[in-house]
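As they're listed, the protein sequences go chains A and B.
Every position in the first sequence, counted from 1, becomes a number in our numbering once 41 is added.
Every position in the second sequence, counted from 1, becomes a number in our numbering once 2 is added.
Glycine included, every Cβ here is placed at the ideal spot set by N, Cα and C.
Take a look at the structure set out below.
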Amino acid sequence: MAERLQQLVLDTLDAQSTIKDTRQLFLPGASAPAVSNDDQIVILGALNSLLSRDMIKYDTHEVFTHALTPEGALIVKEGSHEARVWNALPVKGQGAPVPAAALKKLVGDETAKVGQGRAFKNGWIGKEGDGLVRTAETIQDTTQLELQEIESTGSLKSGEKILADLRKRKLIVQKKGQWFTVHKGHEFTTSTAKPETDLTTEMLTSGKWKTSKFKKYNFEAEGIPTSGGALHMLLKVREEIRNIFLEMGFAEMPTQSYVESGFWCFDALFVPQQHPARDLQDTFYISDPPHSLPPEKAYYERVSKVHEHGDFGSTGYRAPWVPEESSKLLLRTHTTASSAHMLYKLAAKCRGEKVEGDESEFTHGGKSTTEHGKTDDGFTPAKLFSIDRVFRNETMDATHLAEFHQVEGVVADRNLTLADLIGFMRVFFKKMGIEKVRFKPAYNPYTEPSLEIFAFHLMLNKWVEVGNSGMFRPEMLEPMGFPKDVRVHGWGLSLERPTMIRYGINNIRTLVGHKVPIDQVENSPAVMF
Amino acid sequence: MPTVAVDKADLWERLGQEFTTEEFDVLCFEYGLELDEDTTEEVEEAKKKGLPAERPQLKIEVPANRYDLLCIEGIARNLRTFLDKAKAPTYKLVYPPGGENDLLTVTIDAETQKIRPLFACAILRNITFTPRSYASFIDLQDKLHQNICRRRQLVAIGTHDLDTLQGPFRYEARPPKDIKFAPLNKDTEYTAEELMTVYESDKQLSKYLHIVRDSPVYPIIYDAKDRVLSMPPIINSNHSKITLDTKNVFIDVTATDKTKLDIVVNIVATMFSEYCAEPFTIEPVKIISHTGETTFTPDISPRKTVAHTSYINNCTGLSLTTDEVVPLLKKMTLEASVATDDSTKDSINVIIPCTRPDIFHECDIMEDAAIAYGFNNLPHTFPATTTVGQPSAISKLSDIIRIEWALAGWVEVLPLTLCSLEENFDYLNHTDKKWTSTAVRIANPKTLEFQVVRTTLLPGLLKTVRENRSHALPVKIFETGDIVVQDRSLERQARNIRHAGAVWCNKTAGFEVIHGVLDRAMKMLEVPRIRSDDYDKDTGYYLKETEDPAYFPGRAATIYYRPPPTKQTRLSELKHKLEATLHTNARRDIELGTLGVLHPSVLEKFDIGYPCSAVEFSLEPFKKEMQKIWTNDV
Numbered sequence: 042m043a044e045r046l047q048q049l050v051l052d053t054l055d056a057q058s059t060i061k062d063t064r065q066l067f068l069p070g071a072s073a074p075a076v077s078n079d080d081q082i083v084i085l086g087a088l089n090s091l092l093s094r095d096m097i098k099y100d101t102h103e104v105f106t107h108a109l110t111p112e113g114a115l116i117v118k119e120g121s122h123e124a125r126v127w128n129a130l131p132v133k134g135q136g137a138p139v140p141a142a143a144l145k146k147l148v149g150d151e152t153a154k155v156g157q158g159r160a161f162k163n164g165w166i167g168k169e170g171d172g173l174v175r176t177a178e179t180i181q182d183t184t185q186l187e188l189q190e191i192e193s194t195g196s197l198k199s200g201e202k203i204l205a206d207l208r209k210r211k212l213i214v215q216k217k218g219q220w221f222t223v224h225k226g227h228e229f230t231t232s233t234a235k236p237e238t239d240l241t242t243e244m245l246t247s248g249k250w251k252t253s254k255f256k257k258y259n260f261e262a263e264g265i266p267t268s269g270g271a272l273h274m275l276l277k278v279r280e281e282i283r284n285i286f287l288e289m290g291f292a293e294m295p296t297q298s299y300v301e302s303g304f305w306c307f308d309a310l311f312v313p314q315q316h317p318a319r320d321l322q323d324t325f326y327i328s329d330p331p332h333s334l335p336p337e338k339a340y341y342e343r344v345s346k347v348h349e350h351g352d353f354g355s356t357g358y359r360a361p362w363v364p365e366e367s368s369k370l371l372l373r374t375h376t377t378a379s380s381a382h383m384l385y386k387l388a389a390k391c392r393g394e395k396v397e398g399d400e401s402e403f404t405h406g407g408k409s410t411t412e413h414g415k416t417d418d419g420f421t422p423a424k425l426f427s428i429d430r431v432f433r434n435e436t437m438d439a440t441h442l443a444e445f446h447q448v449e450g451v452v453a454d455r456n457l458t459l460a461d462l463i464g465f466m467r468v469f470f471k472k473m474g475i476e477k478v479r480f481k482p483a484y485n486p487y488t489e490p491s492l493e494i495f496a497f498h499l500m501l502n503k504w505v506e507v508g509n510s511g512m513f514r515p516e517m518l519e520p521m522g523f524p525k526d527v528r529v530h531g532w533g534l535s536l537e538r539p540t541m542i543r544y545g546i547n548n549i550r551t552l553v554g555h556k557v558p559i560d561q562v563e564n565s566p567a568v569m570f
Numbered sequence: 003m004p005t006v007a008v009d010k011a012d013l014w015e016r017l018g019q020e021f022t023t024e025e026f027d028v029l030c031f032e033y034g035l036e037l038d039e040d041t042t043e044e045v046e047e048a049k050k051k052g053l054p055a056e057r058p059q060l061k062i063e064v065p066a067n068r069y070d071l072l073c074i075e076g077i078a079r080n081l082r083t084f085l086d087k088a089k090a091p092t093y094k095l096v097y098p099p100g101g102e103n104d105l106l107t108v109t110i111d112a113e114t115q116k117i118r119p120l121f122a123c124a125i126l127r128n129i130t131f132t133p134r135s136y137a138s139f140i141d142l143q144d145k146l147h148q149n150i151c152r153r154r155q156l157v158a159i160g161t162h163d164l165d166t167l168q169g170p171f172r173y174e175a176r177p178p179k180d181i182k183f184a185p186l187n188k189d190t191e192y193t194a195e196e197l198m199t200v201y202e203s204d205k206q207l208s209k210y211l212h213i214v215r216d217s218p219v220y221p222i223i224y225d226a227k228d229r230v231l232s233m234p235p236i237i238n239s240n241h242s243k244i245t246l247d248t249k250n251v252f253i254d255v256t257a258t259d260k261t262k263l264d265i266v267v268n269i270v271a272t273m274f275s276e277y278c279a280e281p282f283t284i285e286p287v288k289i290i291s292h293t294g295e296t297t298f299t300p301d302i303s304p305r306k307t308v309a310h311t312s313y314i315n316n317c318t319g320l321s322l323t324t325d326e327v328v329p330l331l332k333k334m335t336l337e338a339s340v341a342t343d344d345s346t347k348d349s350i351n352v353i354i355p356c357t358r359p360d361i362f363h364e365c366d367i368m369e370d371a372a373i374a375y376g377f378n379n380l381p382h383t384f385p386a387t388t389t390v391g392q393p394s395a396i397s398k399l400s401d402i403i404r405i406e407w408a409l410a411g412w413v414e415v416l417p418l419t420l421c422s423l424e425e426n427f428d429y430l431n432h433t434d435k436k437w438t439s440t441a442v443r444i445a446n447p448k449t450l451e452f453q454v455v456r457t458t459l460l461p462g463l464l465k466t467v468r469e470n471r472s473h474a475l476p477v478k479i480f481e482t483g484d485i486v487v488q489d490r491s492l493e494r495q496a497r498n499i500r501h502a503g504a505v506w507c508n509k510t511a512g513f514e515v516i517h518g519v520l521d522r523a524m525k526m527l528e529v530p531r532i533r534s535d536d537y538d539k540d541t542g543y544y545l546k547e548t549e550d551p552a553y554f555p556g557r558a559a560t561i562y563y564r565p566p567p568t569k570q571t572r573l574s575e576l577k578h579k580l581e582a583t584l585h586t587n588a589r590r591d592i593e594l595g596t597l598g599v600l601h602p603s604v605l606e607k608f609d610i611g612y613p614c615s616a617v618e619f620s621l622e623p624f625k626k627e628m629q630k631i632w633t634n635d636v
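Below, the structure is given as structure tokens:
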């Protein structure tokens with residue numbers, strides 16, 4: 042059909058040089074001109090195919106046509122309501138008149154209701170006693186005839202007035218239609234031999250590619266989408282940041298411990314027991330199981346002493362120590378809880394203890410900086426990092442989640458300086474694509490000095506905080522057993538923030554959690570800082 | 003971090019200099035403050051419109067451990083010193099003309115030890131308030147109450163017009179029905195019992211009632227004529243309330259811990275001693291404890307310590323001389339001088355004023371030196387620490403599964419770890435104790451969404467399917483992440499387990515699709531597929547039909563994994579052969595996870611209208627021990 046139609050268009054054009062109105066064409070096999078809208082759609086398909094080969098050009102004209110409603114279609118098939126009523130009734134005097142209730146049963150409620158009135162008006166039926174009978178011998182069902190004409194031509198010769206009436210009766214609806222004027226194109230020929238669309242194996246074997254004509258490729262069109270999967274955007278940014286750490290010689294810490302004790306999350310870090318971060322308002326506590334097993338006794342005692350009475354050159358907080366606070370279980374509020382545990386393990390040899398099993402996971406590559414001739418105190422330098430989940434007892438909104446990811450780095454070596462930390466931070470953030478940074482003194486219970494890192498945000502045209510850093514306090518390191526000259530740098534930032542900036546996401550709930558649109562994951566670009 | 007609003011014109015006057023907003027922002031930044039807001043523009047706007055306007059303010063965020071920066075008096079004093087415009091003030095105790103004998107006395111009753119044992123006080127003589135300094139005085143007390151005092155729980159402050167009272171005073175604790183007085187801003191007298199009801203509906207005070215409510219006795223302070231001064235930590239009396247015209251101020255402080263008691267009384271007294279006829283003087287008070295011991299408060303004596311230039315240089319990366327360090331410390335209100343008894347000229351005698359209780363250790367002094375030098379003026383060095391980078395075993399393993407599944411056409415999602423009890427158990431028909439007893443439960447969630455740490459990845463994956471109903475079918479999603487179970491053998495009583503899980507959602511359930519996802523993961527991990535009765539196989543995985551109410555009956559299986567035998571020795575080889583013949587090697591097999599077609603009742607609870615299949619298993623057995631490269635042990 043498609044090919045025959047295209048041939049018809051080309052032949053007609055060849056003969057007439059233009060086709061003024063495609064509604065005058067007779068589709069192949071049709072006995073009437075292609076006046077209906079459906080026919081014109083078929084023609085449009087043929088025209089577009091020829092247009093893509095520049096064989097023709099065409100202009101589009103709009104026209105209103107009419108189509109039948111389901112009720113109209115039924116009338117075409119079974120006759121109008123009034124005709125159906127007339128059909129159901131006996132000729133006057135030749136049978137028992139049909140009462141109104143019985144008519145309803147014969148032709149249905151709707152038809153009886155509408156048809157009776159119109160049949161009376163047309164003088165087709167009349168009353169006899171309680172019933173109805175035919176009064177006209179023959180009838181002409183004009184409505185049906187009109188609708189039949191509309192069905193085949195989309196219009197009515199007798200004019201707009203009747204069309205309007207049929208529209209009002211909801212038997213037809215108006216539809217926008219099109220018809221076309223067709224001219225010859227640059228490549229006009231009456232041959233419909235299609236140019237090839239693609240190079241095939243068959244062409245290679247037969248050598249047909251040498252003589253074939255190829256269809257022009259549409260370079261504006263999109264390619265076929267691939268069918269692969271996708272990685273989540275937050276984890277793509279995690280990957281990029283992890284690579285920065287790995288490139289800089291950092292070993293990833295094991296951090297698979299969402300549940301921590303007050304001891305490891307706070308006490309070991311020299312966070313005072315009365316610190317607001319430990320409030321029920323801010324931290325998720327665990328009801329089942331509620332308490333941890335005690336940590337190593339001697340270490341616990343060194344920690345509680347430095348808090349309550351002071352030690353290692355510190356006055357301590359000199360506030361009452363509550364063992365209960367220490368053993369409370371909670372969801373870690375920062376990955377520094379895990380870092381503290383790793384540092385404690387790192388100091389095992391300094392304490393003269395045997396190293397526990399998974400210490401091997403993080404001290405790789407540390408070269409002892411003990412000078413020749415000095416006794417080895419067991420210290421191994423380490424550069425450690427982690428990117429993992431932390432929890433805060435917050436109500437969720439566009440910028441807060443009760444759980445998010447913290448990026449954390451730790452460098453432990455002898456005689457590290459604040460200048461080292463600042464220099465290191467400049468390099469680290471440069472690797473994240475942040476050139477301009479400055480440092481603000483801040484307060485953090487476990488670092489001294491503590492520095493907030495600010496970066497200049499070009500879009501906002503102001504300095505914004507991008508992370509926190511500092512040197513861990515002696516009150517944290519010395520109870521672990523580190524020698525006095527060992528200093529530890531630590532810094533942290535959230536993973537969500539840079540990801541939201543990278544992808545222009547304003548609502549954190551569309552980045553993390555079940556409300557993340559899968560399409561967004563599928564279509565998020567790669568990350569290169 | 004607390005935010006303090008200070009009057010801009012007053013601050014400029016105190017600093018003897020006007021700053022532009024930008025200049026002041028830089029000064030704050032260098033000192034470790036944060037300028038949140040300058041309301042000047044707002045005020046100008048209001049004035050233009052003829053609206054009532056307050057004086058322009060600066061809203062300054064101060065570090066949480068610097069109680070001496072919680073009021074304009076303290077901020078100005080510290081910045082003036084930082085800018086070398088003035089020396090830090092020296093605070094002095096001044097006795098009344100008659101000396102120690104004329105001191106006001108407060109006796110502490112033994113009953114107070116049951117509820118709020120510690121008491122301190124101070125007197126500010128011949129003070130002159132202005133409306134703004136008066137407001138600042140009230141505001142400082144509020145700031146202290148909200149911060150170091152932990153909402154009055156640990157410490158509470160009361161201030162009184164001393165001229166309305168007569169010494170000596172008594173700090174007692176009495177049953178609430180035996181306490182009766184007219185509280186602040188009320189003319190009627192109430193018993194303490196009645197006050198508890200009266201203040202129940204008070205927005206401010208209702209927050210503090212719980213501190214004493216259930217105690218058999220309430221703390222109470224009386225003067226010589228049995229007039230109430232205050233009922234800490236709830237309310238002062240109306241009788242002794244201070245006004246703009248008050249000349250002599252009595253400050254009472256009650257606490258549960260001595261250190262905070264001293265800090266608070268010292269901060270209130272030192273900050274406002276500025277307005278005394280003789281500035282920076284405080285009159286002490288004699289305290290007779292319940293054991294009869296006599297002490298004097300406040301104790302504003304500074305703490306003397308020694309800092310070392312070598313330590314400061316070594317920590318900061320600077321190479322300053324002692325003579326260069328001393329002025330840096332002075333800028334930070336620390337009275338420093340070169341120690342004459344140290345021939346190496348390394349030691350610095352440091353006198354820490356009572357307003358700086360944030361200094362615990364030499365490292366705090368080192369930080370002050372660094373701030374005074376300027377963090378952003380420090381040299382940019384780079385630590386010489388040489389180490390080798392390495393990912394953790396679990397991350398590496400997770401990444402393998404993540405990438406292989408993504409390559410296989412699956413989309414990674416990232417649901418939350420916390421969920422409701424219902425989602426984690428009931429929705430999956432896992433109501434049996436076998437499931438519910440393993441979970442770690444949260445005691446204090448703010449919403450029901452976070453009652454439990456997930457023990458399975460399924461709720462998060464299914465919620466993601468639910469929220470993505472507009473996505474074209476099939477939905478193919480996966481996650482690798484941790485679940486948490488109780489483990490009473492561990493210090494933390496719980497253990498994370500890395501799981502991998504995937505859900506397929508389409509017009510048909512597609513068990514074989516989800517099975518394929520498992521097979522792909524196993525293939526990439528080089529785990530061969532075996533049959534459950536393959537007793538002669540050393541390692542592999544197989545499925546066995548199982549009953550799990552989360553899955554459709556007959557369409558659920560447990561995934562079993564037989565880990566490879568540990569070491570290949572002649573003996574162990576023989577042992578394995580023997581095991582295989584006796585079919586006992588299956589005892590080593592681990593239940594790795596489950597897969598199946600999800601039960602329609604589960605789908606209904608998660609509001610999913612299409613059939614789904616799911617797989618979830620542990621990755622832990624596949625964790626590879628990382629190489630021991632370059633360790634010092636070798």
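### Task
Using the DSSP secondary-structure output, state which residues sit across from residue 31 of chain B in a beta bridge.
Here residue 31 of chain B is taken as the residue at index 29 of the second sequence, counted from 1. Answer is none; residue 31 of chain B lacks a bridge partner.
### Task
Quick one: grab the DSSP three-state call for residue 111 of chain A.
Here residue 111 of chain A is taken as the residue at index 70 of the first sequence, counted from 1. The answer is helix: DSSP assigns residue 111 of chain A an H, G or I state.
### Query
Taking the DSSP output, what are the residues bridged to residue 421 of chain B?
Taking the second sequence and counting its residues from 1, the one referred to as residue 421 of chain B is at position 419. Note: residue 421 of chain B sits in a beta bridge opposite B/454.
### Query
With a Cβ-Cβ cutoff of 7 Å, do residue 220 of chain A and residue 81 of chain A count as a contact?
Sequence index remark: in the first sequence, residue 220 of chain A carries index 179 (1-based). Sequence index remark: in the first sequence, residue 81 of chain A carries index 40 (1-based). Taking 7 Å as the Cβ cut-off, residue 220 of chain A and residue 81 of chain A qualify as a contacting pair.
### Task
State the Cα-Cα distance for the pair residue 557 of chain B and residue 79 of chain A, rounded to the nearest angstrom.
Mapped onto the second sequence, residue 557 of chain B falls at position 555. Mapped onto the first sequence, residue 79 of chain A falls at position 38. Cα to Cα, the separation comes out at about 49 Å.
### Query
Taking the alpha-carbon positions, what's the residue 396 of chain B to residue 315 of chain B distance?
The residue labelled residue 396 of chain B in the question sits at position 394 within the second sequence. The residue labelled residue 315 of chain B in the question sits at position 313 within the second sequence. Near 41 Å, if we compare the C-alpha coordinates of residue 315 of chain B and residue 396 of chain B.
### Query
Name the chain B residues that come within less than 9 Å of residue 210 of chain A, Cβ to Cβ?
On the first sequence, residue 210 of chain A is found 169 positions in, with the first residue counted as 1. Residues of chain B passing the Cβ test: none, with the nearest at roughly 40 Å.
### Query
Taking Cβ-Cβ distances below 7 Å as the criterion, which residues of the region 397 to 414 of chain B are in contact with chain A?
397, 404, 407, 408, 409, 410, 411, 412, 413 and 414
### Message
Looking only at its chain, what residues have a beta carbon closer than 7 Å to the beta carbon of residue 344 of chain A, apart from the 5 residues adjacent to it on each side?
### Response
Here residue 344 of chain A corresponds to residue number 303 of the first sequence, with the count starting at 1. The answer, listed in chain order, is 308, 309 and 520.
### Task
Kindly give me the distance between the Cβ atoms of residue 432 of chain B and residue 551 of chain B, rounded to whole angstroms, as I take these residues to be in contact under 8 Å.
Taking the second sequence and counting its residues from 1, one reaches residue 432 of chain B at position 430. Taking the second sequence and counting its residues from 1, one reaches residue 551 of chain B at position 549. Separation of the CB atoms of residue 432 of chain B and residue 551 of chain B is rounded to 7 Å, and the pair is thereby assigned contact status at 8 Å.
### Message
Per DSSP, what are the beta-bridge partners of residue 351 of chain B in this structure?
### Response
Position 349 of the second sequence, counted from the start, is the residue given in the question as residue 351 of chain B. Residue 351 of chain B is bridged to B/308 and B/339.
### Query
What are the boundary residues of the beta strand (DSSP E) that residue 507 of chain B is part of?
Residue mapping note: residue 507 of chain B aligns to position 505 of the second sequence, counting from 1. Residues 496 to 507.
### Query
In chain order, which continuous runs of the alpha helix (DSSP H) of length 4 or greater are located wholly inside the region 129 to 193 of chain B?
133 to 148
### Task
Give the residues from the region 355 to 380 of chain A that approach chain B closer than 8 Å (Cβ to any Cβ), ordered along the chain.
Per Cβ criterion, the list reads 355, 356, 357, 358, 359, 360, 361, 370 and 372.
### Query
How is residue 543 of chain B classed by DSSP in three states: helix, strand or coil?
Counting from 1 along the second sequence, the entry for residue 543 of chain B is found at position 541. Here residue 543 of chain B sits in strand by DSSP.
### Message
Can you give me the C-alpha to C-alpha distance between residue 2 of chain B and residue 191 of chain B, rounded to a whole angstrom?
### Response
For chain B, the structure presents residues 3 to 636; residue 2 of chain B sits outside this window and is missing.
### alpha helix (DSSP H) segment containing residue 519 of chain A, residue limits
As a position in the first sequence, residue 519 of chain A is number 478, starting the count at 1. If you look at residue 519 of chain A, you'll find it in the alpha helix (DSSP H) that goes 515 to 521.
### Buried versus exposed call for residue 224 of chain A [16 or more other C-beta atoms within 10 Å across all chains shown]
The residue you call residue 224 of chain A lines up with position 183 of the first sequence. Classification of residue 224 of chain A: exposed, given that the 10 Å Cβ count is below 16.
### C-beta neighbour in chain A for residue 268 of chain B, strict 7 Å
Locating residue 268 of chain B in the second sequence gives position 266, where the first residue counts as 1. It does not: the Cβ of residue 268 of chain B has no partner Cβ on chain A nearer than 7 Å.
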